[in-house]
Amino acid sequence: MEWETVIGLEVHAQLATKSKIFSGSSTTFGAEPNTQASALDLAMPGTLPVPNEQAFRYAIMFGLAIDAEIAKISVFDRKNYFYPDLPKAYQTTQLDRPIVGPGHIDIELADGTQKTIRIHHAHLEEDAGKSLHEGSFEAGMSGIDLNRAGIPLVEIVSEPDMSNAEEAVAFAKKLHSIITSLGICDGEMSQGSMRFDVNISIRKPGEKLGTRTETKNLNSFRFMEDAIKLEVERQIDLVEDGGRVIQETRLYNGDTKESRSMRSKEEANDYRYFPCPDLLPVVFDDDYIESIRKELPELPDARHDRFMEQYGLSSYDTNILSNDAGMAQYFETATKISGDPKLTANWIMGELSAQLNTADLPIKHSPLSAKQLAGMIVRIADGTISSKMAKQVFEGMWNSDGDADSIIEAQGLKQVSDSGAIEAMVDEVIANSDKQVVNFRNADESKRPKMLGYFVGQIMKASKGQANPQQVNEILLKKLNDLL
Amino acid sequence: MHNKTIAEIIAGLDAGDFTSVEITQHYLKRIQQLDSTYNSYITVNEETALAQAEAADKRRAEGNTPAFCGVPIAHKDIFCTNGIRTSCGSKMLDNFVPPYDATVVENFADAGAVILGKTNMDEFAMGSSNETSFYGPVKNPWDTNTVPGGSSGGSAAAIAAHLTPGATATDTGGSIRQPAALCGITGLKPTYGRVSRWGMIAFASSLDQGGPMARTAEDCALMLNVMASFDPKDSTSIDRDVPDYTANLSQPLNGLKVGVPQEYFEEGLNPGTEQAVRNALTEFEKQGATLVNISLPHTKLSVPAYYVIAPAEASANLSRFDGVRYGHRCENPKDLRDMYMRTRGEGFGDEVKRRILIGAYCLSAGYYDAYYRKAQQVRRLIKQDFVDAFEKVDVIMGPTSPSPAFEFGAKGNDPVAMYLEDIYTIATNLAGLPGMSVPCGFVDNKPVGLQIIGNYFDESRMLNVAHQFQQATNWHQQAPKDIEVEGVE
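Protein sequence lines, in the order shown, are assigned to chains A and B. Every letter in the first sequence is one number past the one before it in the working numbering, and letter 261, counting from 1, is 697. Every letter in the second sequence is one number past the one before it in the working numbering, and letter 231, counting from 1, is 245.
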C-alpha cells in the first residue's frame, strides 16, 4: 500500500527593522564580528530590553496578510538553555500568547488547483548570535559573533497540511512572496534571512499521524525539496525494513545531500519557559491594528489578478512575474517606460532570468536595471534594432552601466530602416544574382518563398546585418515579383 | 561633621561652613580607620571621590549647584558604575568593570553627588544577614557580633557607623527595610517602577526595586527626589511625574488612618520588638492618627510564594554568568560543559546556588503549574489583600522584622528560619507597593524598625508620616557608641 506523507513547516524570517528587537544596535548584514553588539546584546548585567515597535508592526502586517487574528495582548517568554552564542542563556520568545493567531495561506499546485495551508500561529522572538569554529583561534577555542543576536524574527508555524515536497516548496515560495511583498523581510535566504525547519512523518492513508522528525535550518528552496525527499525515503525504508521512526531533530547537508541525527527527544532540553518579567504584556487596540491594515501594500494574490487584468498577460506569465515582489516591481517599472508589457515580460522571463540564474543573483541585485532594459525594449519596438541585435545590446548593458542607446551607438548596431537605402541594396543584389533570379522566375510559385533566403542573406551581408529584416523582405518580394 | 544629615550637609555646603573636598576627605578618613571593623564597603573610590568633590566645589563657586552638589554618598555594589568594579557581592563579578552607569548612578552624578564607594551586600542580593557576600560579612555597628541584615547590609551599616550620610540600596523581599531596621536607620523601598532598574543587576526582575537609605526620612526624601525617574531604558519603569518628596514632610497627621494588620503581630514576633512598635503606634495616635485593625489574610503565603517566584526569575537572570563574555571563568576548561560547570560552580556561593536550583526546579516541565503558576495566583491574592485594605486606611504599620539583629551563624544552617526574617516585608514586593522602615526603639541595645507600608505611588505621604514621627522621637538620632575615632573631627 502507498505511504502518505505529512509535512508541517516552521519558518524563521528576519524582520527588516533597522535596529534589533530589544536594543538600538544596527541589523546590517556582513559587518565585522561584534561591531553591532551593545552591552544589552552582550547580556551585560543590569541591562534591560526595550521593545522595538517596528518589529510588532511587521508581525501584525504579516498576520493581517494571512487573514489571522492579531492578539490583543502579546506576551514574551524566556526560553532557557545554555549555548555560547545565546548571551543571556535564554531566548526571549513567545509561547502562550503569540502576536499572530491562526491564519491561512493558499498555494497553487502543479495541476493549477488551489490548496489552503493553515497557519497555526506566528510569534516574535530574537535571533541568537553565531559560533565561529573556523578562523584564527587558538587550538580548542571558538569565536562568538553577536551581531546577529537580537535581530527580530517572526517564526511562522504551519499546520501539517502539506503532503509532499512540491507542496512544501510551493508554500515556502508563497510565504517568501508574501513577506517580501510586505517588505517586512528581505528574503535573502543565502544570508539566513529566511530559514525553514521541516517536520515530516509518514502514515498509511486513514491511520493516525506517525512519529515525526524535524529537519532544521534549511536555507534554500532546493535544499528543502531535496531534504524532504530524502527524509521521506529514509522513513519509508526504515519502516518497511521493520524499523521505527524515532522523534528526533536532524540536520541536512546540502553539499553532500545527506542528513544526520542531531539530537533525539530524550536529549531535548527542558526549556523552563516562563513570562519575561522585564517586558510587560504588550496591548494593541483595534485602532492601531486598523491603521496598519490601511497601510498594507498589495499582496501577491491581488497583484496576480491585477497583472492579468491590466497587462493582458497569460496566467503562466502572470504567475512568474507577480509572485516575487522584486520581479513584479522590476516588470512594472520596465513596462511603465517601455509601454509594451508582452515584450517586456518576454525579456524578463527569458534573457534576464537566464542571466540572473547563471550569475546566481536575485532580481533586486540585477546588474541590469529595469530602466536599462526598458530603454532597449523601446528600441526594439520602434524598429531601431532587431531582436538579434538586442541580444548584443543586452550583453553590453549587463557588463556596463550604459543605456541601450549609448551601446547601440557605440557598437554601431543601428538597424537600417531607410527604404531608399534598402531599395538600393536590394537592387544591387538582384543585379548581381542573375542565375538566382532566373531560377526564382522559373520555379514553381510554392517554392519561391524558400528561395528568398539567399537574397535576404546577401542583403543582410551587404548591410552588415543592420538592415531592417522586415523591410528587406517586403522590398525584395515586391522587386522580384516585378521581374516576373 | 559625620553626625550631620544630608539636609544639614547641603545647608553647610550652601553656607560655606565646609567644602565638599573637606567633608569627602573626612568620610574617606573614617572609612579607612573604621571599616576594617565593619566591612561595609567592597570598593572605596578615594581618587574619583576627591575629583568629584573638587569638581563640585568648583561648580558651586560658579553658582551651579544641583541638588546633591558635593554631597558624599555610597552606592550598593549592585548598581553598575562606569569604570568602577561592580561585583554584586560575588566572586563571579569580582573582575567586572561595567562600561556604563546605572540610571540611578547617572541621576546622582547629574545631581552633583560624590561617590565614596560601593557598599557590601549579600551575593546577588540573596540573603538577610549579609553573610553570603564573597567579600565577607558586614558587622552591625550596634553590636559587631550580630548581623546588619541584608541584602543591603553594607549600605545600612555604613550609614549606622557614619561612614556615609546616605546610600543607595535595593529591595527584592525586604533588602532595604530589614537591614535599615537592624541597623537603626531609615530606608524606603519605592513603588515598583518608580526607580529605574537599568544598570541595577537583576535578582528577581518583577520584585527588585532601588531605593534610598539614610538616617532620616527627610534625607530619604531628598535622595528619592534624585533616584525616582521615568526611564525609557527600563520597560517596567512607570511614566509618571516625580513629585518633590520633601514638599509634604511637615503636614500634620490629624485624621490619618493607620491600618494595623493582625497577621503582623502573631506568633514569632519578638515581644520587645512588638512593644517598641506598639509604642510607636501610640505616638501616632497622639499626633491625631486613628488606628484601624485590619487583616491581610494571605500574609502567611507570602514567604512560600516569594521563594518560588524570586528564585524562578533569578535562575534565568543568573544564567548569563557563563564565563563566555565577562566575569569569572574557570582555569583551563577542557570543553564547553566543563567551562560552564566549573565557572558557575566556582563563581557562585551556596545560597545563590540553592536559589538557582529551587528556581530551575519550579519552572521545570511537570512542576511549573504546581509551583510557578500557583505562586503567581497567590501573588494576586496578596495584592488584593492590600488593595482591599487601602480602601479603609491611608498607611499600614507593623514591625519591619520579627526580631532585632541576630548573631553570625545563628541562622546559617537553617535557610527557612532565615527566609522568615522577611515575613513582614516580602508581601509588599509581591504587591509592588512602597514600604519603609523607621527606627522606633531598642531591644537589648539593638535597634527596632517600624514598617510603614503605603499605597501605590504614595511615597510622599509615607515620608510625611515618617518625618512627623522623627520630629517627635529621637530613635533615629541614636548612634552606636564605637564609631568615634580619635584625631578625626
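We put the CB at the ideal spot given by N, CA and C, even for glycine.
Collapsed DSSP secondary structure at residue i in the structure displayed
i                 : result
Gln791 of chain A : helix
Gln472 of chain A : coil
Arg739 of chain A : helix
Ala467 of chain A : coil
Lys524 of chain A : coil
Ala806 of chain A : helix
Ala181 of chain B : strand
Phe573 of chain A : coil
Phe471 of chain B : coil
Arg708 of chain A : coil
Ala826 of chain A : helix
Phe148 of chain B : coil
Tyr494 of chain A : helix
Below-7 Å beta-carbon distance, residue i vs any chain A residue
i                 : result
Leu377 of chain B : yes
Ser249 of chain B : yes
Ala330 of chain B : yes
Arg334 of chain B : yes
Tyr354 of chain B : yes
Val338 of chain B : yes
Trp156 of chain B : no
Cys94 of chain B  : yes
Glu327 of chain B : yes
Endpoints, beta strand (DSSP E) assigned at residue i
i                 : result
Leu654 of chain A : 649 to 654
Met227 of chain B : 223 to 228
Ser697 of chain A : 694 to 700
Alpha helix (DSSP H) segment containing residue i, residue limits
i                 : result
His612 of chain A : 601 to 618
Cys197 of chain B : 191 to 197
Lys772 of chain A : 761 to 774
Thr685 of chain A : Careful: Thr685 of chain A lies outside any alpha helix (DSSP H), inside the beta strand (DSSP E) at 684 to 689.
Thr117 of chain B : 117 to 124
Ala326 of chain B : 316 to 331
Beta-carbon spacing of residue i, residue j below 7 Å
i                 : j                 : result
Ile911 of chain A : Ala903 of chain A : no
Phe720 of chain A : Lys508 of chain A : yes
Ile20 of chain B  : Lys132 of chain B : no
Ser617 of chain A : Leu716 of chain A : no
Ala231 of chain B : Leu477 of chain B : yes
Trp439 of chain A : Ile638 of chain A : yes
Pro246 of chain B : Gln223 of chain B : no
Phe445 of chain B : Lys406 of chain B : Per the sequence shown, the amino acid found at residue 445 of chain B is Ala instead of Phe. Their beta carbons are not under 7 Å apart, which means Ala445 of chain B does not touch Lys406 of chain B by this criterion.
Ile440 of chain B : Val317 of chain B : yes
Leu295 of chain B : Leu310 of chain B : no
Ser189 of chain B : Ser166 of chain B : yes
Tyr13 of chain B  : Pro155 of chain B : Since the first and last residues shown for chain B are 15 and 503, residue 13 of chain B lies out of range.
Any chain B beta carbon closer than 7 Å to residue i
i                 : result
Arg708 of chain A : yes
Val486 of chain A : yes
Asn516 of chain A : yes
Lys524 of chain A : yes
Pro713 of chain A : yes
Pro717 of chain A : no
Ala473 of chain A : no
Leu478 of chain A : yes
Pro481 of chain A : yes
Pro520 of chain A : yes
Pairwise C-alpha distance: residue j and residue i
i                 : j                 : result
Ser251 of chain B : Pro588 of chain A : 23 Å
Lys566 of chain A : Arg584 of chain A : 7 Å
Pro325 of chain B : Asp399 of chain B : 23 Å
Asp597 of chain A : Gly642 of chain A : 15 Å
Arg815 of chain A : Leu849 of chain A : 11 Å
Gly180 of chain B : Ala449 of chain A : 51 Å
Ser392 of chain A : Ile682 of chain A : This structure leaves residue 392 of chain A out entirely; chain A is present only between 437 and 920.
Gln906 of chain A : Phe659 of chain A : 47 Å
Ala67 of chain B  : Cys102 of chain B : 25 Å
Val256 of chain B : Arg211 of chain B : 16 Å
Contact with chain C by residue i, beta-carbon distance below 7 Å
i                 : result
Ala504 of chain A : Given the protein chain composition of this structure (A and B), no chain C is represented.
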